[in-house]
Amino acid sequence: MIVKLYQLPFILVMRRTMLMLFPFAVLGSIASVFNVSILSRTGFIGNIFYITQWLPHVARIRSMFAAFSMMTVKILAVLAAYQAGAHTARLYHKNPEMTGMTGMLAFLIIALRPVQRQYGPKTFLQFNVNNNLMGIQGILIGILIGFITGQIFRIFNRKPISIRSDSFSRAYRTIIPVMITLGSAIIINQLIIQIYKYQIPAGISNYYQALSSKKHGLVATLLLGAWSSFLAWLGLSGPYNQASFNDDPAAVADLTYALKHHSPWNVPYKYTQTTLYHSFGTFGGVGSTLALVIAIIIVARTSRYHQVARWAVFPTLFNANQPILLGIPVLFNPIFLIPFVATPVVNMLIAAFAIHFQIMPPVTYPSPLDTPGVLSAFIGTGGNFMALLVGILIMTLDVLIYIPFVKLSEQVRSEMQLKERQRLRMR
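For the sequence shown, the numbering used here begins at 8 and goes up steadily by one.
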C-alpha cells in the first residue's frame, strides 16, 4: 500500500523535490549553527569558549554565515517550487526549465505583500516577501505551486518536447501556460492581500500564541506538543514551534520564582511548553530527530541513509534538523509520522513523571541558543544531575522507537527499487 502511495505523481514529485533540496539544507543548516551557536555571544558554543571576545572580525564572519544561511535554508520553499515544477514537467515530457521558472515566479508573486511607507507628505508602495512562506515551513506550498504549474503546462501545452526543436520554438509554445500560471498567481496574491486586510492570519497567530501561553496543564501541553509535531511533519508551523523562552509567560513566572527563592523546585508552573516540550520533546529539533540520526547510524543498511546521517548529525545535534527532514525524507512520509509525533509525547510524559515525583526539578533557567537537547534540561535546571540522566534515558528510548521505522523505510525503498527495475525490463 505504501509503495503504491509513493508511485502517485504528486508524491513522486514531492519526494524527488525534497531530495534535490538536501544539499542546500545541509550547507545552510551548518552555516546556521555557526551563526547562532558558535559565533554568537548568546549561543551554546560561543558561551563556553567566549568566541566573540577573542576572534577578530567576528561580526563580519558571522554576517557571512548568516547571509549564506539566508540564501539556502531560508529560501527552500522557493527552490521547492522550481524543482517541483521541473519534475512534474519531466513526468509528462514537457519543458522542465520553463515550467520550473514559471513555478518559482508564481510562488514569489503569491508571497509578495504590499506595504505602504510614509516619507514626509508622500506615501510610497513597497513590496515585501512573506517570510512565513520562504523557509522549510513553506515547502509544502512551494511544492503544490510547482506541481500545479506542471499540470497547467501539461494541459495547455500538449505537444511534447523534442530534441530537434530549437530553443525559440520550445519557449514560444509555453506562452499560454506561463500566462495562465502567472495570471492565476496574481489573483491568488490579491485574495491573500484581502485576507490579511481583515486580520485573519493575525487572528490565527494570536489564537495560537494565547493557546500556547495560557494552557499549562499536562494534558493541554501534551496535546499542543503533538499538534505542533504533526504540523511540522506537514512542513507547517505549530503553536510551540516558533515560541521562545520569553514568549512563554509561565516560563518567565517560573524563572522569577526560582531567582527569588534561589531554587528551581516548587515553581508555580511545572508542565509547560518550556519545562516539557522544548526541554525534552525536541532533541535534535522537532520530532526528536537526533534519535532518528542515531537509529540510522546503528541499523540502516543502505549507503544513502548513512550518507544523509553523516551530513545531518552535526547540525541536528544543535537542533537544525532540516537535512534529515529532507534527506530521508521525513516530511510528508507516512512511515515516520508515528514516531515523529509519538516521541515528543513519550518524552514529555517521562519528564512529567520525573517532575511529579521530584526526581528532578522543572526546567526553569533559559539555556544558550541551540543547546544540544540532552544538555538543555541539565542547564535549565541549574545543573541537576538527575535531569541529565532523564535526558539520556529519553534519548535512548527515542532511538529504540525510531529503529523499527528505519527498517520499514528501507524495506519499502527496496520494494520500490525492485518494481522500478521490473518496469524498465518490460520496456
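Heads up, the beta-carbon is just placed ideally off N, CA and C, and yes, glycines get one too.
Pairwise C-alpha distance: L112 and G291: Cα-Cα distance, rounded: 34 angstroms.
Counted within 10 angstroms of its Cβ, other Cβ atoms place F262 as buried (16 or more) or exposed: Reading off the sequence, residue 262 comes out as Leu, not Phe. Burial call: buried.
Cβ contact (3+ pairs, closer than 8 angstroms) linking the stretch 102-117 and the stretch 185-192: yes
Beta-carbon contacts of F154 that lie in its chain and below 7 angstroms, excluding the five residues immediately before and after: F17, V20, A91 and T95
R48 (DSSP reduced to helix, strand or coil): coil
DSSP-derived helix/strand/coil call for Y126: In the structure shown, Y126 adopts extended strand secondary structure according to DSSP, grouped into three states.
Whether G294 touches S374 by CB criterion (8 angstroms): no
Own chain, CB closer than 6 angstroms to F325, minus 5 neighbours either side, in chain order: V40, S44 and D377
Exposure of N138, with buried meaning 16 or more beta-carbon neighbours within 10 Å: exposed
Completely contained alpha helix (DSSP H) runs for the stretch 76-107, where each covers 4 or more residues: If we require 4 residues or more, the alpha helix (DSSP H) runs fully inside the stretch 76-107 come out as 83-98.
CB of K81 within 8 angstroms of CB of G157, strictly: no
Cβ pair count under 8 angstroms reaching 3, the stretch 292-312 against the stretch 335-350: yes
V306 to L415 span [Cα, whole Å]: 11 angstroms
M141: first and last residue of the uninterrupted alpha helix (DSSP H) it sits in: Careful: M141 lies outside any alpha helix (DSSP H) and carries neither H nor E.
Counted within 10 angstroms of its Cβ, other Cβ atoms place V226 as buried (16 or more) or exposed: exposed
Bridge-paired residues (DSSP) for R120: N135
Counted within 10 angstroms of its Cβ, other Cβ atoms place K101 as buried (16 or more) or exposed: buried
Through-space distance from I331 to I303, alpha-carbon basis: 10 angstroms
Other residues of its chain near L333: CB distance less than 6 angstroms, five sequence neighbours each side excluded: M25, L28, F29 and A32
Assigned secondary structure, L338 (DSSP; H/G/I helix, E/B strand, else coil): coil
The alpha helix (DSSP H) enclosing W234, as first and last residue numbers: L225 to W240
Close Cβ partners of N328 (< 6 angstroms) along its chain, the five nearest in sequence each way excluded: So the list reads G291, G292 and T296, once near-sequence residues are dropped.
Inter-stretch contact at 8 angstroms, needing at least 3 Cβ pairs: the stretch 387-394 / the stretch 360-371: yes
Contact between the stretch 399-407 and the stretch 58-67 (3+ Cβ pairs under 8 angstroms): Too few Cβ pairs lie closer than 8 angstroms, so no.
6 angstroms Cβ shell around P379 - same chain, five flanking residues per side excluded: L324
Endpoints, alpha helix (DSSP H) assigned at G149: Here the alpha helix (DSSP H) through G149 covers I146 to F163.
Short Cβ contact (8 angstroms threshold) for L15 with P341: At a Cβ-Cβ threshold of 8 angstroms, L15 and P341 do not count as neighbours.
CB of A87 within 8 angstroms of CB of G149, strictly: Going by C-beta atoms, A87 is nearer than 8 angstroms to G149.
Nonlocal neighbours in the same chain, by C-beta distance under 8 angstroms from Y284, ignoring five residues either side: T228, L231, G232, S235, Y247, P351 and M355
Cβ-Cβ separation, A384 to F287 (assumed contact under 8 angstroms), whole Å: About 6 angstroms; that satisfies the 8 angstroms criterion.
Buried versus exposed call for W318 [16 or more other C-beta atoms within 10 Å across all chains shown]: buried
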